[in-house]
Amino acid sequence: DTGVSQDPRHKITKRGQNVTFRCDPISEHNRLYWYRQTLGQGPEFLTYFQNEAQLEKSRLLSDRFSAERPKGSFSTLEIQRTEQGDSAMYLCASSADPSETQYFGPGTRLLVL
Amino acid sequence: DQQVKQNSPSLSVQEGRISILNCDYTNSMFDYFLWYKKYPAEGPTFLISISSIKDKNEDGRFTVFLNKSAKHLSLHIVPSQPGDSAVYFCAASAILGGKLQFGAGTQVVVTP
């Protein structure tokens, strides 16, 4: 399977704990995006990378959220001191450059108790 | 600030008929428009896109129409099939390769 992969697929944590999600993009895609989706809404943009450079961050991305793409391949999204409002589906996408088409992974569903 | 709007939360259509999904946007800087389909517990799947220099793009059973003056686009699915039952998202971007802004989605149910 050469699509975007995300790990874990599901995560249940207690409020105040830290969580980290991983995304592996399609091989040779140099752009990588993170979105968050809550029930009944479309995905909301969080941040994106071109290679290892983080080009844009949403105002939604509070200082408890940090994303990295250290070698321009896989990316991690960490949430510190989780809150119940962080419960959502976290989606990763990748695209080749230049292209408008982003290909999404299956998502990581986070539940904060 | 919802810049992409899908005002119909749901659509029911008979198998074999045409499904028409609508999307409106407010940001005149958007140049790229995409439609995605999403099944429960899966990520969105890319269907079709169109750039602002075109007014129509077709791919098999899927056709997207863009009316820039009205800031409106639509997705036509002909003929509709049971496997088309899913949530459909409209998305837009102002920059090639930039962030996508999504509508809230339209749930399509195709009935036999």
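Residue numbers (our numbering), protein chains in the order written: chain A, 1254 to 1366; chain B, 12 to 123. Cβ atoms here follow ideal geometry from the backbone N, Cα and C, with glycine treated the same way.
Practice prompt. Could you tell me which residues DSSP pairs with B:Asn33 in its beta bridges?
Written response: B:Ser85
Item to complete: Check whether the Cβ of A:Phe1302 lies closer than 8 Å to any Cβ atom in chain B.
Response: no
Discussion item. Under 9 Å, CB to CB, which of the residues in the region 1345 to 1361 of chain A have a partner in chain B?
Written reply: Cys1345, Ala1346, Ser1348, Ala1349, Asp1350, Pro1351, Ser1352, Glu1353, Thr1354, Gln1355, Tyr1356, Phe1357, Gly1358, Pro1359 and Gly1360
Worksheet entry | Beta carbon proximity, B:Ser104 to chain A, threshold 8 Å | yes
Item to complete: Go ahead and label A:Leu1364 buried or exposed: buried means 16 or more other beta carbons lie within 10 angstroms of its beta carbon, across all protein chains shown.
Response: exposed
Worksheet entry | Buried or exposed (CB count within 10 angstroms, at least 16 for buried), A:Ile1265 | exposed
Item to complete: Give the DSSP-derived three-state secondary structure of A:Asp1339 in the structure shown.
Response: helix
Practice prompt. Assign A:Asn1283 to buried or exposed, taking buried as 16 or more other Cβ atoms, counted over all protein chains shown, within 10 Å of its Cβ.
Written response: buried
Practice prompt. With 7 Å as the limit, tell me which residues of the region 1304 to 1330 of chain A have their beta carbon closer than that to any beta carbon of chain B; keep them in chain order.
Written response: Glu1309
Worksheet item: Closer than 8 Å, CB to CB, is B:Lys110 near chain C or not?
Response: Of the protein chains in the structure, A and B, none is chain C.
Worksheet item: Cβ of B:Glu69 less than 8 Å from any chain A Cβ?
Response: no
Fill in: Buried/exposed call for B:Ser80, threshold 16 Cβ in 10 Å
exposed
Practice prompt. Could you please give the first and the last residue of the uninterrupted beta strand (DSSP E) stretch that includes B:Glu53?
Written response: Here B:Glu53 belongs to no beta strand (DSSP E), and DSSP marks it neither H nor E.
Practice prompt. Give the residues of chain A in contact with B:Gly94, contact being defined as C-beta atoms less than 9 Å apart.
Written response: By Cβ distance, chain A contributes nothing, its closest Cβ being about 18 Å from B:Gly94, past 9 Å.
Fill in: Under 8 Å between C-beta atoms of B:Thr117 and B:Gln17
yes
Worksheet item: Does any residue of chain B bring its CB to less than 8 Å from the CB of A:Tyr1343?
Response: no
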